[in-house]
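Quick note, the sequences are listed as chains F and G, same order.
The numbering of the first sequence is the working numbering, which starts it at 2 and goes up by one.
The numbering of the second sequence is the working numbering, which starts it at 2 and goes up by one.
Where is the CB? At the ideal position from N, CA and C, for every residue including glycine.
Here the structure is a predicted model, which is why all the values come from computation and not from measurement.
Right, one structure below, let's go through it.
Protein chains: 2
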Amino acid sequence: MAKRNLYLNVIPVEEALERYLSVIKERVAIKTETIPVIRSLGRVTVSAIYAKYNSPLYNSAAMDGIAVSAGKTTEASDVKPLVLHKSEYVIVDTGDPIHEPYDAVIMAENLIETADGEIQITEPAMSWQHIRPVGEDIVAHELILTSNHKIRPMDIGVLLSAGITEIEVYKQINVAIFATGTEIIEPDQNIEDGSIIESNSRMFEGLVTEQGAKAHRQGILKDDYALIRDKVKEACDKYDMVIVNAGSSAGTEDFTVHVLRELGEVFVHGVAIKPGKPVILAMVGNTPVVGLPGYPVSAYICYQNFVRPLINYLQNSLDSNKEIVEAYLSKRLVSSLKHKEYVRVKVGKVEDKIIATPLARGAGAAMSLVRADGFCVIEQNQEGIEAGEKVRVELCRSVDEIENTVVSIGSHDLILDVLADMIPNKFSKMHLSSSHVGSMAGLMALKRGEAHIAPIHLLDEETGSYNIAIIKKLFGNSGKHMALIKGVKRVQGFIVPKGNPKHITEISDVTKCRYVNRQVGAGTRVLFDYLLKKNGIASSEVNGYDKEIATHMAVAALVQSGSVDCGMGIESAARAMDLNFVPVGHEEYDFAIEEHNLALPHVKAFIEILKSAEFQEKVLQLGGYECTHCGEIVQVL
Amino acid sequence: MAKRNLYLNVIPVEEALERYLSVIKERVAIKTETIPVIRSLGRVTVSAIYAKYNSPLYNSAAMDGIAVSAGKTTEASDVKPLVLHKSEYVIVDTGDPIHEPYDAVIMAENLIETADGEIQITEPAMSWQHIRPVGEDIVAHELILTSNHKIRPMDIGVLLSAGITEIEVYKQINVAIFATGTEIIEPDQNIEDGSIIESNSRMFEGLVTEQGAKAHRQGILKDDYALIRDKVKEACDKYDMVIVNAGSSAGTEDFTVHVLRELGEVFVHGVAIKPGKPVILAMVGNTPVVGLPGYPVSAYICYQNFVRPLINYLQNSLDSNKEIVEAYLSKRLVSSLKHKEYVRVKVGKVEDKIIATPLARGAGAAMSLVRADGFCVIEQNQEGIEAGEKVRVELCRSVDEIENTVVSIGSHDLILDVLADMIPNKFSKMHLSSSHVGSMAGLMALKRGEAHIAPIHLLDEETGSYNIAIIKKLFGNSGKHMALIKGVKRVQGFIVPKGNPKHITEISDVTKCRYVNRQVGAGTRVLFDYLLKKNGIASSEVNGYDKEIATHMAVAALVQSGSVDCGMGIESAARAMDLNFVPVGHEEYDFAIEEHNLALPHVKAFIEILKSAEFQEKVLQLGGYECTHCGEIVQVL
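And the structure:
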């Protein structure tokens, strides 16, 4: 077999970073540059900046009016106004300089123009009245900005007023980014079997840019040792830092670590972090080179843990602190002592408690990065965190946004996407956050006070009714007042390839094909199990019964790809993927809720959207839905 | 006299903005554009984005290893390992596609290579094991981003993976910025009498850029009606919005409102806001034009209140909420019912209370914008706020930073600038914030628990000692344990022009010249009054006794400008401005502190800097200082 890098020497995150940064601090000089003040927004000062000029530059009028000699106005009074002749005053606008013999300004409002050029005043002017003395705002040689200060728009204004036109700041560093892999293609290239669309380098570009550094993407390199070596070497001579994406793992064509060993020195290969283990921290000459893993989530987590502090150090930039909240964990998290783990979580405020619900933990689950409201860290010395425990969550959304979010946990349907889009569009500060765990798990979350609503579609075999019976059963003794927000009637059935090649028409046909199942607790799974039982079919007769998938769309995707022949799901999913659909029956998809939460402004917004003609039109277009009772409230308990 | 715009029609802030926005909403269409996803960082989506492709694109290996048919491995066991021949497996790296007949992956770690091309396994593979099914991460037609979503680096990654390469976003608007005024010069031009350095437009450039719009500075226009009219007209045809800076007031050459009336329609001229009253909100054709006042603070406040919401509307951008804290006001603020007032404040945390201390309130005090930690709003219907009352402060620094700041209120000395620069430089998260109110006012603030330290230099006439006696007198009955952090010995005297043309050598000489005084409560004022009394000189004999200025440097600036002949101050200020200095005597400049605050980490940092050789070297270079006891602690009470 081809050579693999099986033996990563795994070390703790903090130790890895410290080891690497100490080498960098020793070998890499922090660069500065002098730039025009007018281009300095967001840059960081190297040393203290002192004013060069006074501001104002001279004694100046603080009001529109006339400048006079105060000493010559002492006689003026209401009874005996004083007349000033042309030679005894000068008209000034705010900001005009005041020269000797003048030493006071009288406001325009207090002047009476009499004959041509003659002005009457009715009270004496005080010396220095309405005059801004030289340097009132800024005194030359006064400190304007300290060192290590990030320059803001108002700083630019004051620097210029104080006569500073150039300023020394830390240099923006130039970061080269390589994507590697023979199977990797650009997003606009033709997809072939085995193709993977390159996207990590574009995420890195964004992250580097957000840090105020300059990203230089170098395109995609094939898995060719000599090519990678030569290109990386070239980049190390030209840029301040190099990122090599993927090829950092133990696969047969993972050359990065070998290349870096040949070109320079590898200080760390393998860190106790999940996702992200196979990170490489190296130096080629005096240029730091970081090898990041290929899975998007691993790539992101490793960037944040290793590249971010490195760029901050090299630019001396001041990282803004992430907002951190204390939240209650809704689900037990088990982790290994082998690594520090970063778990993406949804965060919502329910019943005055902030609740964190873990998302998919796989390193490949890039959508979990997009859907995450924050990250919860399980330290390396923790084996896990129990449900209900308090955890610290580093937020990627604002607390304000989280407090205005309807938290939905339960069954999945495409109409949730429509709702999630329409709510913030109509109610600018409000959001819908939904986790797809199936109907039963949704009701349990509702019972624990972790969600505002639970979308469910659960048939009661005895009464033949949907949803109401199960809520009564589950919440009957809880003392909670429960309601149902009516959702849609929808069609369930078998999603099969175009043309239905396996001729699936009834439940018994699934034993003839490769099936994909939904997870335990999903309403669709309940229905499927009910149908099997009713027709006397054992689960062992179904090829693929154990293959569980979490959403209707994922079932449709597997059918479309040809990996399976059939799966149960809703008609809209089959339609979206242009597949055939064999209806089994109608069901009701509604939202269980505690009655007092109906009064929340974001829940009200949710209901208003449900009732709107625009929403219902969009849903009917998806196919397989009826909207007759959308948004109606049914009291249950 | 020339024409003035004396009659501004002043209306409340909210009404002004509403009136203007309602016109804009009626007449200006919000623009969108389609751009490449790879250039979309920070832009805002117009509509919901759904995935085009699945990710992964096919069933793929989730591990490095071999792909097998699970059904053919059922016999494998520890006791009887199964040997797989070359034709029965294929080597796969993570991400490689899995094709029929293979339906499972066995990890590299669990393989034993025997003969060439033969592999032993010791347990059966489960169907689908270590395979990422097609669409596991992203399912085609699934919602990726809602509308009104600000695009982040991870979003770009997922969009590309999902086959999206172009995206519709709200257009960045183009904002033209004019500076007007015959007296206005560019920062690099020669300064002449009456010159004002143009800086507001550069501040606007920064503010516009921070909002994600594009700033187009048009340079400086002379006060020429026809010129301003033609240039503004031209810009209105070319850009999405125009800002005209200054000329919005009632001065003789304030043409802006007349120009805008000729070119289009003026909806608001004059708003009940302080600073900022003479703002103009207008339209020329369908282009919004805002006239902003010339004083930097007015310009800034009006930008935030009128331009910011306007740009947000035109770009549909999501403004991040400012951080707001509740603070106790340290000083009574009086305001008029005529306007809503924005007061710049320093904010510090002392004794577990957040304290807000008002800064200079003048519209021209641009440095107060730089020095501000936040803004406190006095609503139009409030006549003021009492000291000790709770106020809401909109922060411009982070709470974290504020909690690590030493709050100093008291006398001014140049060494405070050196300290303010060195502390964050040596202790990255720590800061010094100082307000200059004079020694006595500093001690009173300390007594009220509004400061950590009070820099003072107060002579006790009876004992001839500095600082200790006055602390004993003021805090003797307070029950507080007080200490003194020793600062510097410094020389006080008369600051006079180069060559000392008025031959000032002793206190009685000040009656012969134009003097500038320090404010009541300043240590230097105490000293001056003491000297007058001792020498039997009446204050009325001093020309300029009532002209009060707040810092040594401001005194030096007035002397340098020739506006006054003499003022009392410290030697370092005279030296910084290259002036002559007539010493009067030594005094001790120390820091009063409550003893328990000595334990605070930021106060410890402050003391460490005071004791450092680097600090003392810098101070000695300023001139007029002795550092013998710098940083020593003296217990007082």
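- In this structure, residue 268 (chain G) keeps its C-beta atom at 8 angstroms or more from the C-beta atom of residue 232 (chain G).
- By the criterion of a C-beta distance shorter than 8 angstroms, residue 105 (chain G) is surrounded in its chain by 68, 69, 70, 71, 74, 126, 127, 128, 129, 130, 131 and 132, once the five residues flanking it on both sides are discounted.
- Less than 8 angstroms separates the beta-carbon of residue 412 (chain F) from that of residue 524 (chain F).
- For residue 75 (chain F), the nearest beta carbon of chain G is not closer than 8 angstroms to its own beta carbon.
- At least one CB atom of chain G sits nearer than 8 angstroms to the CB of residue 558 (chain F).
- In the DSSP annotation of this structure, the continuous segment of the alpha helix (DSSP H) that includes residue 534 (chain G) starts and ends at 524-535.
- Scanning G:355, G:546 and G:488 for the CA closest to the CA of residue 607 (chain G) turns up G:488.
- For residue 571 (chain G), the closest of G:535, G:595 and G:526 by C-alpha to C-alpha distance is G:526.
- At a Cβ-Cβ threshold of 8 angstroms, residue 327 (chain F) and residue 355 (chain F) count as neighbours.
- At the C-beta level, residue 577 (chain F) and residue 555 (chain F) stay beyond 8 angstroms of one another.
- Residues of chain F with a Cβ closer than 7 angstroms to the Cβ of residue 142 (chain G) are, in chain order, 554, 577 and 578.
- Looking at the backbone, the Cα of residue 111 (chain F) and that of residue 20 (chain G) are separated by about 33 angstroms.
- Among the residues of chain G, none has a CB under 9 angstroms from the CB of residue 448 (chain F); the nearest is roughly 28 angstroms distant.
- The stretch 169-184 of chain F makes no contact with the stretch 391-402 of chain G, as fewer than three CB pairs between them are under 8 angstroms.
- Under the 8 angstroms Cβ criterion, the stretch 131-148 of chain G counts as touching the stretch 42-57 of chain G, having at least three qualifying pairs.
- According to DSSP, residue pairing for residue 350 (chain F) in a beta bridge involves F:355.
- Under the three-state reduction of DSSP output, residue 617 (chain G) falls in the helix class.
- Put simply, the CB of residue 147 (chain F) is near chain G, with a gap under 8 angstroms to one of its CB atoms.
- Residue 211 (chain G) has a beta carbon lying within less than 8 angstroms of a beta carbon in chain F.
- Apart from sequence neighbours up to five positions away, the residues of its chain that approach residue 425 (chain G) with a beta-carbon distance below 7 angstroms are 431 and 432, ordered along the chain.
- The count of Cβ pairs closer than 8 angstroms, one atom from the stretch 275-294 of chain G and one from the stretch 225-245 of chain G, reaches three, so the stretches are in contact.
- Contact check for residue 583 (chain F) and residue 494 (chain F): beta-carbon distance about 5 angstroms, within the 8 angstroms limit, so the pair qualifies.
- Under the 8 angstroms criterion on CB atoms, residue 69 (chain F) is classed as non-interfacial with respect to chain G.
- The Cβ of residue 194 (chain F) sits closer than 8 angstroms to at least one Cβ of chain G.
- DSSP lists G:222 as the bridge partner or partners of residue 181 (chain G).
- In the three-state DSSP reduction, residue 259 (chain F) falls in the helix class (H, G or I).
- Put simply, of G:466, G:609, G:95 and G:596 the residue whose alpha carbon is nearest the alpha carbon of residue 590 (chain G) is G:466.
- With a threshold of 8 angstroms between beta carbons, residue 159 (chain F) makes contact with chain G.
- Straight-line spacing of the CA atoms in residue 315 (chain F) and residue 31 (chain F) works out to 6 angstroms.
- Pairing residue 37 (chain F) with residue 166 (chain F) gives a Cβ-Cβ distance under 8 angstroms.
- Note that the C-beta distance between residue 99 (chain F) and residue 141 (chain F) is not below 8 angstroms.
- In this structure, the beta-carbon distance from residue 626 (chain F) to residue 535 (chain F) does not fall below 8 angstroms.
- Only residues of its own chain outside the window of five on either side were considered, and among them 336 have a CB closer than 7 angstroms to the CB of residue 383 (chain F), listed in chain order.
- Between residue 79 (chain G) and residue 123 (chain G), the C-beta gap is smaller than 8 angstroms, which places the two residues in contact.
- The Cβ-Cβ distance between residue 138 (chain F) and residue 181 (chain F) does not fall below 8 angstroms.
- Restricted to the stretch 374-460 of chain G, the beta strand (DSSP E) segments that are unbroken, complete and at least 3 residues in length are 375-379, 391-396, 406-411, 432-437 and 454-457, listed in chain order.
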